[in-house]
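Heads up: the structure comes next, in structure tokens.
Numbering (our numbering), first residue to last: 1 to 349.
Below is the structure:
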């Protein structure tokens with residue numbers, strides 16, 4: 001069995017192993033990481049050999065850590081990343097390049113249609129009718145997108161939302177509210193088989209699925225990194241946040257919104273951002289939490305998106321695609337029966 005795991009912001013960890021009578025044997029670790037002393041590689045191999053094949057990632061990482069010499073130095077990887085690679089090997093997880101990716105960047109649609117398209121396209125990928133897809137969104141009007149489990153009245157000031165022309169929609173993934181205006185955000189969704197994230201915790205999969213965009217941002221001179229659980233940030237401030245949903249059809253939906261040119265004062269009027277949340281972030285003003293991509297790069301939104309597209313295509317070989325008429329039709333139906341209804345939007349009052 002063979003498994004690979006690219007550590008977000010780090011190095012590639014590669015493992016090969018066999019399983020005999022539910023026991024890991026012939027384990028070999030490799031990769032482009034740095035490890036001192038050299039003999040520690042043998043210590044890691046010895047620690048894994050003999051472990052039960054159904055050991056969880058925490059147990060594997062603990063065994064690796066316990067076997068390391070006191071002064072061992074690991075650069076670009078960790079015992080936890082070795083455990084992830086092992087679990088991915090045992091689960092026979094796939095890699096990015098195992099798929100023929102489509103990249104969709106099509107017409108702007110209404111916010112409620114965006115919610116429906118996310119569900120439709122994820123289901124299509126999970127059921128094998130669509131190849132794995134990266135979709136970049138465009139907006140026709142401003143909106144607040146709240147997480148599946150958020151309270152509507154706790155998150156949005158309805159008077160201010162109406163005053164500024166914001167509709168409110170609810171997505172199928174968890175997480176926090178997103179403040180959306182056409183031209184001021186960059187939003188994308190990844191629709192992939194769950195095999196791509198097999199062997200990973202939710203926390204690991206967030207960073208794994210966004211590693212490509214960190215590469216794109218760094219190529220633009222932004223010192224971007226992932227801040228668990230789901231924030232893309234930099235020393236100058238937060239750039240964006242991610243949310244994720246695993247569907248029973250066998251797909252993972254992962255979407256991210258990054259700020260390009262945010263109106264912070266308007267945001268704090270429309271969103272009810274509580275004092276407890278602000279205190280937890282160690283700040284006094286929500287408007288100061290985010291440092292938009294425009295101020296960090298001086299580039300147009302289109303230029304940043306073009307770099308993102310080029311990076312994803314270069315890494316994973318994506319080809320240009322389209323949303324089909326049948327998919328639009330299914331999404332329209334979901335707008336009418338689910339996403340556009342008061343029952344869904346107010347499911348948590």
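Cβ coordinates follow ideal geometry from the N, Cα and C atoms, glycine included. If you're wondering where the values come from, they're calculated on a predicted model, not measured in any experiment.
{"Item": "Less than 7 Å between C-beta atoms, sequence neighbours within five positions excluded: which residues of the same chain meet that for residue 247?", "Value": "122, 123, 126 and 253"}
{"Item": "What's the C-alpha gap between residue 306 and residue 237?", "Value": "23 Å"}
{"Item": "Could you give the first and the last residue of the continuous beta strand (DSSP E) run that contains residue 224?", "Value": "That residue, residue 224, is in no beta strand (DSSP E); it is neither H nor E in DSSP."}
{"Item": "Output needed for residue 149: all residues of its chain with C-beta closer than 8 Å, excluding positions within five of it in sequence on either side, in chain order.", "Value": "174 and 348"}
{"Item": "Note the first and the last residue of the continuous beta strand (DSSP E) segment covering residue 36.", "Value": "34 to 36"}
{"Item": "May I have the straight-line CA-CA distance separating residue 224 from residue 190, to the nearest angstrom?", "Value": "19 Å"}
{"Item": "Just the Cα atoms here: how many angstroms apart are residue 172 and residue 245?", "Value": "7 Å"}
{"Item": "For the segment 127 to 147 against the segment 82 to 89, do three or more pairs of beta-carbon atoms, one drawn from each stretch, fall closer than 8 Å, so that the two count as touching?", "Value": "no"}
{"Item": "When DSSP builds the beta bridges, which residues end up paired with residue 241?", "Value": "231 and 257"}
{"Item": "Nearest to residue 327 by alpha carbon, out of 9, 70, 113 and 177?", "Value": "113"}
{"Item": "Between the C-alpha atoms of residue 41 and residue 231, what's the straight-line distance to the nearest angstrom?", "Value": "33 Å"}
{"Item": "Hey, how far is the Cα of residue 14 from the Cα of residue 182?", "Value": "42 Å"}
{"Item": "Between which two residues does the alpha helix (DSSP H) harbouring residue 77 extend?", "Value": "Premise fails: residue 77 is in no alpha helix (DSSP H) and is neither H nor E."}
{"Item": "Determine whether the beta carbon atoms of residue 166 and residue 270 lie at a separation below 9 Å.", "Value": "yes"}
{"Item": "Is it the case that the Cβ atoms of residue 1 and residue 21 are separated by a distance below 9 Å?", "Value": "no"}
{"Item": "Exposed or buried, residue 319, counting other C-beta atoms within 10 Å across all chains shown (16 or more means buried)?", "Value": "exposed"}
{"Item": "Closest by CA to residue 216, which one among 52, 312 and 24?", "Value": "312"}
{"Item": "Taking just the CA atoms, how far does residue 53 sit from residue 91?", "Value": "10 Å"}
{"Item": "Taking the alpha-carbon positions, what's the residue 296 to residue 264 distance?", "Value": "16 Å"}
{"Item": "Considering only residues of the same chain and omitting the five flanking positions on each side of residue 32, which have a CB-CB separation below 7 Å?", "Value": "11 and 12"}
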